[in-house]
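For the sequence shown, numbering that gives the first Met the number 0 assigns the number 0 to the initial residue and increments by one for each residue that follows.
Backbone N, C-alpha and C fix where the C-beta goes; we use that ideal spot for every residue, glycine too.
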Amino acid sequence: MYRVGIITASDKGSKGQREDLSGSAIKEIVESKGYKVERKTILPDDKKLLSEEMIYMSDQLGIELILTTGGTGFSIRDNTPEATEAVIDKPTPGISEAMRYHSLQITPRGMLSRGISGIRKNNSLIINLPGSEKAVKETLEYIIDSVTHGLDIMLGNASDCARK
């Protein structure tokens, strides 16, 4: 069972002015797939704070899958991709490309997501999900089985691969 950290990037959510529907949707989906949510937090759209939380979840808590929601658009306060880029060692563009591809089948606005994904220290996979509850459900349900296989490979748990 892999452990999950959920980070919601939302200025209003961090002040209690907006309910965190996207983070709750992530929790529901991953738990239905057998993951254990280790930590769930809401932070302001601040690059430094977001990066620090990702590092904490990865390096201190040893969380294998870190999922962010929010902060991936065009707003001046959307900093999640930059925060993620600052802490990953290996990009995993196929995951983000697959989410955008799937979103484009639903809406042309899917092209506006700047979300990225990558591996930190060969121990944690970090994926930026969209900010809306609907888009989180659509994209996470689309990628989750492949992400599980990717984690198996990354952590040496796949039957057809040996960790190096």
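Judged by DSSP secondary structure, Gly149 falls outside any beta strand (DSSP E) and instead within the alpha helix (DSSP H) spanning 132-153. In the structure shown, Val29 falls within a helical segment according to DSSP collapsed to helix, strand and coil.
By alpha-carbon distance to Gly70, the top candidate from Asn121, Glu140, Gly130, Gly155 is Gly130. Residue nearest to Tyr1 within the set Ser23, Arg17, Lys11, Lys32 is Lys32 (criterion: CA-CA distance). The beta carbon of Glu140 is closer than 7 angstroms to those of Ile28 in its chain, skipping five residues each way along the sequence.
Secondary structure within the segment 19-76: the alpha helix (DSSP H) runs of 4 or more consecutive residues, fully enclosed, are 20-31, 46-54 (chain order).
As computed with DSSP, Arg119 is found in a beta bridge with Ser123. In the structure shown, Thr83 adopts helical secondary structure according to DSSP, grouped into three states.
When only Cα atoms are considered, Gln104 and Leu60 end up about 36 angstroms apart. Judged by beta-carbon spacing, Gly117 lies beyond the 7 angstroms limit of Lys136, meaning their Cβ atoms are not closer than that value.
Taking every protein chain shown into account, the CB of Gly149 has 16 or more other CB atoms within 10 angstroms, so this residue is buried. Distance from the Cα of Glu132 is smallest, within the candidate group Lys26, Ser158, Glu63, for Lys26.
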